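Take the position in the sequence shown, starting the count at 1, then add 730; the result is the number in this note's numbering.
Note sheet for the following structure.
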Amino acid sequence: MTPVVELRQVTKTYPGGVTALHSVSLTIEAGELVAVVGPSGSGKSTLLHMMGTLDRPSDGTVLIGGRDVARLSDRRLSGLRARRIGFVFQAFHLAPGVTALGNVADGLLYTGLLAGRRREMAREALERVGLGHRVTHRPHELSGGERQRVAIARAVAGRPELLLADEPTGNLDSASGAGVLDLLRELASGGTTVVLITHDRDIAATLPRQVRMHDGQIVHDGAASLEVTR
Ligand code: ADP
Numbered sequence: 731m732t733p734v735v736e737l738r739q740v741t742k743t744y745p746g747g748v749t750a751l752h753s754v755s756l757t758i759e760a761g762e763l764v765a766v767v768g769p770s771g772s773g774k775s776t777l778l779h780m781m782g783t784l785d786r787p788s789d790g791t792v793l794i795g796g797r798d799v800a801r802l803s804d805r806r807l808s809g810l811r812a813r814r815i816g817f818v819f820q821a822f823h824l825a826p827g828v829t830a831l832g833n834v835a836d837g838l839l840y841t842g843l844l845a846g847r848r849r850e851m852a853r854e855a856l857e858r859v860g861l862g863h864r865v866t867h868r869p870h871e872l873s874g875g876e877r878q879r880v881a882i883a884r885a886v887a888g889r890p891e892l893l894l895a896d897e898p899t900g901n902l903d904s905a906s907g908a909g910v911l912d913l914l915r916e917l918a919s920g921g922t923t924v925v926l927i928t929h930d931r932d933i934a935a936t937l938p939r940q941v942r943m944h945d946g947q948i949v950h951d952g953a954a955s956l957e958v959t960r
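As structure tokens, then:
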């Protein structure tokens, strides 16, 4: 099967001269649940940005569903990103004063679907993350864990193949963090490919695949228990 995302010898040098990724190659198959770990500044977020097509590499190739993103115009690339990739961030990024349903439905504006259908899909997504009883709540009326669930519902409402999460449990207490992790696991077992950056070694150790970064390179890729360093 075509991998969901593939990086071939991707190098990223930022304006100013920092090379955040050095010829990184990585293949992620459908339905995988992958933790990206490593010290601050090791290139984790840059890696996630490359997988999410939020930024273009300086060198090398990024393939999403087998398609070389360098060959797509900006317009086609944003279309592909909107349909295929969901994003979750540490800081939730929900619109204040807007209900959970509204926040999730607004994430579907790109689909061009009518408002009624967007709300239906948003409601289904909120039910999937266990928040069917909180649809009219606004962000300030929700706990941190619930806010992150709304953000996850927004990310998966359009049923993207790939969910990219940058420290999704970073702002949560350990019980809420564990709940969010269970949810990500559920989504992965339902077929969504999930890649998450985490500082938390305990979380990473429980995931089936760990990609460990150091100085812009992958220094370990495999099961957490098999410490094969290369
Ligand atoms: P991590 O997510 O592991 O903390 P990052 O990918 O954010 O690592 O950063 C890797 C390196 O690239 C760091 O040295 C960082 O300072 C640098 N960097 C990240 N983003 C930018 C940017 N937009 N412009 C310049 N340098 C950046």
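The beta carbon of each residue, even a glycine, is placed where N, CA and C say it ideally should be.
Note that the structure is a prediction, hence the values are computed from the model and not measured.
Which listed residue (the options) has its alpha carbon closest to that of residue i
{"i": "residue 951", "options": "732, 843, 763", "result": "763"}
{"i": "residue 788", "options": "794, 776, 796", "result": "776"}
{"i": "residue 751", "options": "904, 824, 927, 774", "result": "774"}
{"i": "residue 935", "options": "943, 765, 747", "result": "765"}
{"i": "residue 860", "options": "916, 821, 808, 771", "result": "916"}
{"i": "residue 744", "options": "737, 761, 780, 731", "result": "780"}
{"i": "residue 937", "options": "953, 947, 929", "result": "953"}
{"i": "residue 823", "options": "869, 796, 846", "result": "869"}
{"i": "residue 878", "options": "891, 913, 892, 846", "result": "913"}
{"i": "residue 759", "options": "795, 769, 947, 813", "result": "795"}
{"i": "residue 891", "options": "755, 746, 920, 904", "result": "920"}
Beta bridge counterpart(s) of residue i as assigned by DSSP
{"i": "residue 743", "result": "749"}
{"i": "residue 939", "result": "764"}
{"i": "residue 819", "result": "896"}
{"i": "residue 952", "result": "940"}
{"i": "residue 758", "result": "735"}
{"i": "residue 947", "result": "944"}
Sequence-distant residues of its chain with Cβ nearer than 6 Å to residue i (five each side left out)
{"i": "residue 753", "result": "739, 741"}
{"i": "residue 925", "result": "764, 894"}
8 Å CB neighbourhood of residue i in its chain, flanking five on each side removed
{"i": "residue 855", "result": "834, 883, 884, 886, 887"}
{"i": "residue 872", "result": "830, 864, 880"}
{"i": "residue 821", "result": "901"}
Inter-residue spacing [alpha-carbon to alpha-carbon] between residue i and residue j
{"i": "residue 848", "j": "residue 945", "result": "42 Å"}
{"i": "residue 943", "j": "residue 784", "result": "20 Å"}
{"i": "residue 866", "j": "residue 840", "result": "22 Å"}
{"i": "residue 748", "j": "residue 844", "result": "44 Å"}
{"i": "residue 933", "j": "residue 761", "result": "18 Å"}
{"i": "residue 832", "j": "residue 922", "result": "23 Å"}
{"i": "residue 793", "j": "residue 928", "result": "24 Å"}
{"i": "residue 947", "j": "residue 850", "result": "43 Å"}
{"i": "residue 733", "j": "residue 757", "result": "7 Å"}
{"i": "residue 755", "j": "residue 819", "result": "24 Å"}
{"i": "residue 975", "j": "residue 846", "result": "This structure does not reach residue 975, given that the chain is present from 731 up to 960, and the question cannot be answered."}
{"i": "residue 735", "j": "residue 827", "result": "35 Å"}
{"i": "residue 786", "j": "residue 815", "result": "16 Å"}
Cβ shell of residue i (< 7 Å), same chain only, five flanking positions each side left out
{"i": "residue 875", "result": "902, 906, 909, 910"}
{"i": "residue 862", "result": "856"}
Quick check on the DSSP output: what are the complete alpha helix (DSSP H) runs of length 4 or more inside the region 899 to 939, in order along the chain?
List check, alpha helix (DSSP H) in window: 904 to 919, 931 to 935.
Quick check on the DSSP output: what are the complete beta strand (DSSP E) runs of length 3 or more inside the region 766 to 800, in order along the chain?
Whole beta strand (DSSP E) segments, 3+ residues: 789 to 794.
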